Structures are given as C-alpha cells and as structure tokens.
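Accompanying notes for the structure given below.
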Amino acid sequence: MIKSNSGIRKTDVINRRMFIIGAAKVVVFVGIVARLFSLQINENKKYLTLSDKNRIREWKLPPTRGNIVDYFGNVIAGNLKVYQLHIIPEQVENFNYLLVRLKNLLNLSDKRIARINKLKTELKPWDSIIVSENLSWSQFVKINNYLYDLVGVKPVMTISRNYPFNDVYTHVLGYVSQPNEQEILENETIKARFVPGMKIGKLGLEKKLENHLIGTNAIQRYEVNAYGKRINQLEHQKGEQGSKIRLTLDTEIQKACGEFLNEKAGSISVMDIYTGDIIAMYSSPSYNPNSFLFGISQDEWQLIRNNPLKPLINKTLSGLYSPGSTIKPIVALSALENKVIDTKFKVKCTGKIELYGQTFHCWKEKGHGWVSLKNAMKQSCDTYFYEVARLLGVDRLNITAEKFGLGKKVLGDYFDIEKKGLFPNTKWKKNNLGKGWVLGETLITGIGQGYTQTTPLQLCMMTAQIANGGYAIKPKIVVDSNPISYEGAKQSMESGLLFDTDSEELLDKKLFKNQKNIKIVQEAMFASTNERFGTSYKSRIDDPKYQFAGKTGTAQVKRISKRERELDLELEQIPYKDRDHALYIAYGPYVNPRYALSIIIEHGGSGSKAAAPIAKKLFKLIIDRHDLRNKQSNFERITV
Amino acid sequence: MFQHDRLNSEITLFQKIRNLDYILLISVILLSVLSVFVMYSTDGGEILFHTKNHFVKLAIFFPLMIFIAFFNIKLWHNFSYIIYLIVILLLIYVSFFGIKSSGSQRWMDLYLFVLQPSELMKVAIIMCLAKYFHRLKIENVNSFTSITIVLSIIIIPIIFVISQPDLGTSILIALSGLIILWLGGMKIKYFIYSFITFLISLPFIISFLKPYQKLRILTFLDPDRDPLGAGYQIIQSKIAIGSGGLNGKGFLKGTQSYLDFLPEKHTDFIFTLFSEEFGFIGSVGLLILYSIIIFRIVRIGAISRSNFARLFCFGYAFAIFIYIVVNLSMVLGLLPIVGSPLPIMSYGGSSMLATMIGFGIVLSAKINHKQIIA
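In order, the protein sequences belong to chains A and B. Take the first sequence: its position 443, counting from 1, is numbered 443 in the numbering used here, and each next residue is one higher. In the numbering used here, each residue carries its 1-based index in the second sequence increased by 640.
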C-alpha cells in the first residue's frame, strides 16, 4: 500500500505540474496569435507593399521627344520609327557564340564587339544592351529569320529623332545624341528620365528646350523572381510625348538662304521688324544633324571639323565681324540726334584725309567731291563719315549704337554660344586695353572698322529697329504662349510703346529723340539702293511691292598696305583669307516696311557685288510669303 | 486484479482498433494531407521532388505509427533505455562517419533515406527519462544521485549534437528532457536557480558561439543591419507572412515563395509559405489543429494508469508544443534563427519519423491506458 500511495502522490505531482505547463502553453499560443495578428492584419499594408517591391520591377522606356515645327506647322524636328537590336544578357545562353553570329550577320566591327562586352559587365543582367541602333530593313529581316538561333536577342521597333530638312536648321536646332555622365548629372529632368539608349539635345534649341521636349518615360512592369528573371508582364504605362515647340522660322525662306549661300561661308538673318520674329537664321555652310543620331563616323566628323569654311560655327550668333559701312546709318543717326550735323551739312571728299600725319582713305580714290548726308550714305563716302565721327566723338556714337542693340546679346539666353560683340568707347579702351583713346580710332569706328565687332543677327536687329521707325523690339525664335499679332505689334509701337512678352507690360521703347532723324536715315538708305550711283543700285527692285532700302558694307580683314592700294587687285587675285567680308543690311518694302535682313559673306569681296544681289532675290520671296504668314498668326498656340 | 491483468494482456486486435484515439488520428491525417498540399505549393504547383518524397515518407511513416501503436505500452517501457542507448550509439557513429553537408555532420546514409539521429533523440530522451522517473520513488527525486543521473542522460546526447554542430536540435533535446524533470517533481527552486545561472552565464556562452551563430543573434536583434545577407531570411519571411493578410493570397499564389524570395521554404520556413497563401485565418486554423493534437496527447496522458505513459504523453505534448513555438517564433521574427522543423509540415524524413514514432507510442498508451507498469 505504501508503494501505491507513493504512486498516487507521484501522479498528483505530475498532474499539478502539467496544469502549470498547460496554462503556460495557452499563454504562449495566444502570444503567437497576437504576433500573427500584428503582422498580417495591422501591418498588412506595409508588408504587401514590400512584397510588391520585391516582385515587381519597372523598366523605363526612352521618352518620345516633342516635335519642333516651323511657323507654318511643318515638322522640322520629328521622330522616326527605327529598327534596333537589343541583347538581354540574362537570357543569353552562350554570349560569345551569340556575338560571333551577330558579327557575321550585321558586319559588326571588332570595336563594337568590344564595346558590347564592356557594356555587359557594366549593366545589370536584365538591362538590355543595344547592339545596333539603326538596322536597315534588310538587316532587320535577316535577324528575324535567324531568331531561333539567337537566344536572348530582341529585335525592337523604336523611335528616333529625325530632321527632315537635313542641314537647313542645324544651327538653330542643334542635334540630339547620347548624353554623357556630366550631362545626366547636371539636369535633374534628364537624370530622372534617363534610360540607356535615350538621346538628349546636345546643341541649339534641342539643348535649350530639353526639359520641354524630353517627354515622359513609358513604364513596363514585370513580375520578377528573386534572381531578377522576368516571369510575366503586368501592365504598361504609356509615356507622354514632350511638348511641341513652334518656331517663328519659315522653312521656305530658310531653305532659300541655304541655297543662296551655297558653298560660301556666311550668314543670313531675316526678322519681322514689329514682332521681332526671326523669319530665317541661316549659317553657312551647314551640316546634317541626322549624322549624329547614331554616332557619326570618324571620317564624316573629320570632314566637318576640318572644313576651312567652319561649318560647326553658328556664324549668325557667334560670328563676329566688323560691320564696315553697314554701321553708317547708325553714325548718321547719332550725329543727327546729337545735332552735330543736319541734312545740309556737307563735306568735301578728296579721296583721303589726313589727321596728325596719318592718312585715312575713302574707298573711292578720286573722291566724291562735296557730299551731303544723303549722297554720302548713297555712295558710302568714307571721308564724310570720318568727319562726322570726328565731330560726334566715339562716346556719343557708342550710346546710339548700344541703344540699337550692338554689344548686347540679341536672343538673351536661348543660345549659349551667342556672342555679345563690342562697340567701343573711350572708357572701354581705358579699362580693357589700359590706353587712352586716339582720335584716329574714332574715325575708323565711324566707318565700322577698328574695335567694333558685331554678329549678323545684331546687324539685322539694328536694321529692323531703324525700319520700324526707331522702336526697340525683342527678337524671338520660339512662338510664345501669347503672340502679338502683326498689327497689334505695329500699333503699339507707333504709339511709342512696346509690349514686352516677358513682363507682359507695355514699355516705352522709343530709341530716338526726334523721329524725323530716323526718317532722314531711312531716306538715305533708300537712295543707296534705289537711286543712280547708289552702292546697291544694281540690286534694286523697282516694283513698289518689293522695293527695299539697304546699305552695303565691305569689311576689311586686314590693313591694306600702300602697295596693295596701288595694285588695286581683283578679288580672285587676293588669297581667300585676306579677302574682305561682304555685308548687306536692308529692309522692305520701303513703303510700309515689314522685314529686315542682314547678309554676310565671309571673304566675299564687296558688299554691293556679293551680298546685295542675294537681298534682291530674298525680298521677292519674303514679301510674297507675307500674306501666308499673316494668316498663320492665329495658328494653334503652343506653350513653352 | 487477476481479471484486470488478463484483460490487459489479451487485448484483441479488434479492441485495439476500437481503442485508437480517433480525434488524434484524424488530426494527424488532416495535418499530413495539408502538408502534402503545401509541399505541392513549394514545388511551384507541380508534383516534383519534394512533393513526391514527402508523400512517400508519409505513406511509410503513417503505417509505422499505427504499427507502433499496436504494441503494448509496457513493451515500449521495457525498451526505453535500450532505444536511448541505440540512438546514443547512432550519434557517436554520426560524429565519426556521418555525412557532411553545409558545414555540419549530422546525417547517416541508410540507403533508402538519410537519417538524422539527433531528431530521434528528441523522442528517445523523453522515453528514457519517463522510464527513469516512473521507477524513481518520489522521495528520491531530489536526491543527489538521481539528479546526477538525469542530468547525465540529458547532457550526453547534447554534447554530441552540439558538436555536429546543431544548436537548434540540442536546445530542443534539452527542453524535452527538462520538462520530464519538471513533471517528475524536481524542486522548483532548482529550476529557478539554474535559470538565473543561465542568464548570468549567457554572455559567457555567447562568447563560445560560432561566428555564424553570433551573427544569427545579432540579426535577430536587428534584421535590417544586413538585409541582403544575414537578415535576408527573416526579412523575407516577415514580408511573406505580413503580405498574406487576413485571407492570404490564395493556394499556389504566394508570390514570395513562387518567385523564390523565401529561403528554406520546404523545411524550416514552410509556415511562412502556408501563412502567405492562407493568411491569418489559415494560420490560426493550423495552430488550432496543432492545439487539438497537443490537447489529445495531454488527455491520453491524463487517463493513463501508468506514470510512464503519463510522463511520456505530457512530455511529448510539451515537446511538440516547443517545436511549434520555436519554429513559429523564428519565422515570425520573435526568436533568432535556429534550425527547427515544424512537425509533419516541414520536409525532412528524420523529423517526421521521430514525430510519428512519438504519436505511435502515444496511441499505444491510449489503447493500453489501463495497463499498469510495475
């Protein structure tokens, strides 16, 4: 019995202890359920997001760039379908075999193969490597035929920038190409939207308006496994094409400029004298921006780079030239405004004047005799303007010249490459060259030589501001959200005010003290083109519809020695580098003027022979297209 | 008395079948069926290697459980020490000739399948200690000799298992042994003293841990310190469970497991997959199923006449409970990662074999609950 008692006591102990354990078990299980509840119910959202983050990977596709159109809506920078070949490394079974196959099929260079191998090590295995950016149709078909043998290769149809007018707009638009590291880091928008194979603006408006043009990425979502392999496609989010940009330029005129400057180095600018719209802006020679899209070949690049006519330079904006005689309207105006001369003021030209033992020559050796302002301008008498400049002084001349836009950027910050040019005064020389001004320098400044440096667009703007009656205009190349109509611009200007599109205010932008003086200068320019003995008389148009007024200029590139003056060589006998630049500024029609232009032909000889005849051809075209252009002023408005 | 004895010894097969615990049996069958479906899901919705093997093992071990149940509990009582010794011998064998895999030496190749003796020890130690306490007089429980003996019974297998190295299993063996000491009536103050001693010596123990084990503890304390390395498992596990929500993502639709983000999804992390696909409701359901099993085992212990059967059932119920708690706490991020399978659910033959043997003995105790063991 003792034994059984002991047994019962033991059973009691076991049962009692079991009860404690049982209670502990319940507590622990409740604890686990509580943990499950907190994870699965309370924090469900958080973990669901994390789980989606795990399994969903996004692939950004290159955004589609916005189109750039001319004033008439013609696409001048658009997008074209291209066929590309991509490799997705993680899907490739035998990378080397694949490369050999592709090399044979597409005639890839060894350099290209090395580049692909390098990319393979740099990119993630699920990122596609672009083997060829622009396959021809026959190559595309060939690849598709052999696709069964090319595991991991993906023929892709995508879009690429395209410039349908080839070289016509190169200096305005620039071009697009693959961005380098710095460009990605500098621009937040590019950084956010960058995908391999994407192209960005490298130059010109393509670069300046990048953030408007770029567009948003299309996004493909794939479910991936833990090793990054795509399992299936989930959804596709469409990207938005970049904004459409409308320019003030006219393709027909732009094209004509290219033809007139064919094979010559130079520039033509055409401007609306009221709205400031740039109608044409052509720098010659140009080059084809389409060549840069898929990487330019070394040969082609060397050809462009080494061309002595310097196609890479935008001469309209960054070419600096002495204005030569085209400065004379400003000299005359400044003298009139400062009451230094009047219309009756005459100077006797003997072919040269002497000042402190230095001889200053007129272009006409025999001299022009007694000349008034009108005659001096008409025949471009240098002696007259030496004298006027001497009386006026360079500082007063400088004030007028700067008022009319010389020495300042015309398009502000639209083009990084635009140059300011220079119109000197005594202070400038003291500050920059550390020497005092010499009177002789005033004389040569009066005929547009010396320190003065102008861009072709500056001369065009200067001419436009003389033509519109002496009012400041704000040149523009992109049609803004609130374009003023031609009539509106003209009216507000004639009331002495200018509608500033930036501040949206009417500003007083009278550039003159007495508008009569502008009229005198205009008449003198008219005489220069339309009266006998005028320097551009041969290029005149008698039909009042097209009749224009202008001023020739011939800018010396180097000082003419005494011997050369005596020799009086023909153009062809002078080495190209030493020939004068030919310039011409003009506006028309003379009655109710609307457009101004400037033409520069580098080393083209005299302005009357080389530049003025182009103006004659151009004015016909410009004025014929005026009505068409006017109708377009209410064309869809595009916000930039 | 005589009649009793006759009844106990001459129980017919029909009576044995009638006396089986059907609630326990049905729960185990349910768990087994569920485990096959979950294994099917880990194979990505196809009957592949893991599903097939798991099913085959169930098909062998489930009848084994019934087979064991049909032997008298007295027989298991008699064989307890021998079984313990055999498993010790197997552990010794493994420590010399075992198969090495991923840095530890735990397995022996039995041609048909690979056996992990340490898993068997989880059951054998309960049997051995149950027998010892069954025979021990209550007055002697706290004597120096008996304490020395029971501690040796626990420590000897642990030395072998810990040197394999296998921290997780040795902890489970230790806990399974300690519970019998508790149930057997060892003084509560001993438990309290040794727990305090353990806490004090914890820093000292940690300094003896292998670098990867230290890393696991650090990772447990802050899983985000190395999210792609050491913390990866626990982070992904929590994501999977958390994203399951109330109803789960649906059978075969667990993205975390389907897309291979879950590590060890067949074995230790099987609950993660289950929880992701069946959600909070499914998880609690599984816990209830386990609770039923544990409760039935405790009940069988409670109706058993012999203290051996009683101690074994109570101890085994606690062991099952501990396996579940350790495994779930690990995947839920409540404990550091120690390798410990979820009974029946996890892929692994040795664990399933040990579990089924345990169930078999429990069922044998049920059939023979009136059996008195001298």
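In this text, a Cβ means the ideal position worked out from N, Cα and C, and glycines have one as well. From a predicted model like this one, the values you see are computed outputs, not experimental measurements.
Burial state of residue i, where buried means 16 or more other Cβ atoms lie within 10 Å
{"i": "residue 578 of chain A", "result": "exposed"}
{"i": "residue 878 of chain B", "result": "buried"}
{"i": "residue 42 of chain A", "result": "exposed"}
{"i": "residue 157 of chain A", "result": "exposed"}
{"i": "residue 240 of chain A", "result": "exposed"}
{"i": "residue 598 of chain A", "result": "buried"}
{"i": "residue 439 of chain A", "result": "exposed"}
{"i": "residue 851 of chain B", "result": "exposed"}
{"i": "residue 311 of chain A", "result": "buried"}
{"i": "residue 532 of chain A", "result": "exposed"}
{"i": "residue 170 of chain A", "result": "buried"}
{"i": "residue 968 of chain B", "result": "buried"}
{"i": "residue 24 of chain A", "result": "exposed"}
{"i": "residue 842 of chain B", "result": "exposed"}
{"i": "residue 453 of chain A", "result": "buried"}
{"i": "residue 567 of chain A", "result": "exposed"}
{"i": "residue 893 of chain B", "result": "exposed"}
Between the CA atoms of residue j and residue i - distance to the nearest angstrom
{"i": "residue 858 of chain B", "j": "residue 225 of chain A", "result": "28 Å"}
{"i": "residue 153 of chain A", "j": "residue 212 of chain A", "result": "34 Å"}
{"i": "residue 994 of chain B", "j": "residue 46 of chain A", "result": "39 Å"}
{"i": "residue 561 of chain A", "j": "residue 520 of chain A", "result": "35 Å"}
{"i": "residue 666 of chain B", "j": "residue 910 of chain B", "result": "22 Å"}
{"i": "residue 354 of chain A", "j": "residue 386 of chain A", "result": "10 Å"}
{"i": "residue 119 of chain A", "j": "residue 86 of chain A", "result": "12 Å"}
{"i": "residue 1008 of chain B", "j": "residue 704 of chain B", "result": "18 Å"}
{"i": "residue 764 of chain B", "j": "residue 812 of chain B", "result": "12 Å"}
{"i": "residue 630 of chain A", "j": "residue 69 of chain A", "result": "17 Å"}
{"i": "residue 944 of chain B", "j": "residue 661 of chain B", "result": "13 Å"}
{"i": "residue 681 of chain B", "j": "residue 972 of chain B", "result": "20 Å"}
{"i": "residue 334 of chain A", "j": "residue 551 of chain A", "result": "16 Å"}
{"i": "residue 414 of chain A", "j": "residue 271 of chain A", "result": "16 Å"}
Proximity to residue i [Cα-Cα], best of the options
{"i": "residue 179 of chain A", "options": "A/587, A/295, A/596", "result": "A/295"}
{"i": "residue 123 of chain A", "options": "A/174, A/149, A/196, A/144", "result": "A/196"}
{"i": "residue 423 of chain A", "options": "A/76, A/323, A/368, A/490", "result": "A/323"}
{"i": "residue 326 of chain A", "options": "A/569, A/97, A/524", "result": "A/524"}
{"i": "residue 399 of chain A", "options": "A/455, A/512, A/362", "result": "A/512"}
{"i": "residue 463 of chain A", "options": "A/596, A/78, A/60", "result": "A/596"}
{"i": "residue 76 of chain A", "options": "A/394, A/52, A/161", "result": "A/161"}
{"i": "residue 201 of chain A", "options": "A/172, A/220, A/228, A/218", "result": "A/172"}
{"i": "residue 367 of chain A", "options": "A/374, A/381, A/34", "result": "A/381"}
{"i": "residue 678 of chain B", "options": "B/713, B/724, B/890", "result": "B/890"}
{"i": "residue 981 of chain B", "options": "B/699, B/904, B/918", "result": "B/904"}
{"i": "residue 139 of chain A", "options": "A/84, A/114, A/467", "result": "A/84"}
{"i": "residue 984 of chain B", "options": "B/861, B/997, B/896", "result": "B/997"}
{"i": "residue 761 of chain B", "options": "B/740, B/775, B/774, B/722", "result": "B/722"}
{"i": "residue 991 of chain B", "options": "B/936, B/746, B/741", "result": "B/746"}
{"i": "residue 962 of chain B", "options": "B/872, B/815, B/873, B/886", "result": "B/815"}
{"i": "residue 758 of chain B", "options": "B/770, B/733, B/686", "result": "B/733"}
{"i": "residue 101 of chain A", "options": "A/607, A/131, A/64, A/181", "result": "A/131"}
Bridge partners - residue i, DSSP secondary structure assignment
{"i": "residue 29 of chain A", "result": "In the DSSP output, where bridge partners are listed per residue, residue 29 of chain A has none listed."}
{"i": "residue 223 of chain A", "result": "A/56, A/232"}
{"i": "residue 370 of chain A", "result": "A/348"}
{"i": "residue 272 of chain A", "result": "A/595"}
{"i": "residue 454 of chain A", "result": "A/321"}
{"i": "residue 583 of chain A", "result": "A/553, A/600"}
{"i": "residue 471 of chain A", "result": "A/510"}
_Under 8 Å: do the region 679-699 of chain B and the region 924-933 of chain B share three or more Cβ pairs, one atom per stretch?_
no
*State whether the region 31-39 of chain A contacts the region 784-800 of chain B, with contact taken as three or more CB pairs (one from each stretch) at a distance under 8 Å.*
Short answer: they don't touch.
_Would the region 776-783 of chain B count as touching the region 820-827 of chain B if we require 3 or more Cβ pairs under 8 Å?_
yes
*Would you call the region 394-411 of chain A and the region 445-458 of chain A touching, i.e. three or more CB-CB distances under 8 Å?*
Yes, since at least three Cβ pairs between the region 394-411 of chain A and the region 445-458 of chain A fall closer than 8 Å, the two stretches touch.
*Using 8 Å as the Cβ pair cut-off and three pairs as the minimum, do the region 705-713 of chain B and the region 725-735 of chain B touch?*
no
_Could you check whether the region 543-559 of chain A touches the region 568-575 of chain A, counting it as contact only if at least three pairs of C-beta atoms, one from each stretch, sit closer than 8 Å?_
no
*Stretch-stretch touch, CB-based, cutoff 8 Å, three pairs: the region 260-275 of chain A with the region 174-190 of chain A*: no
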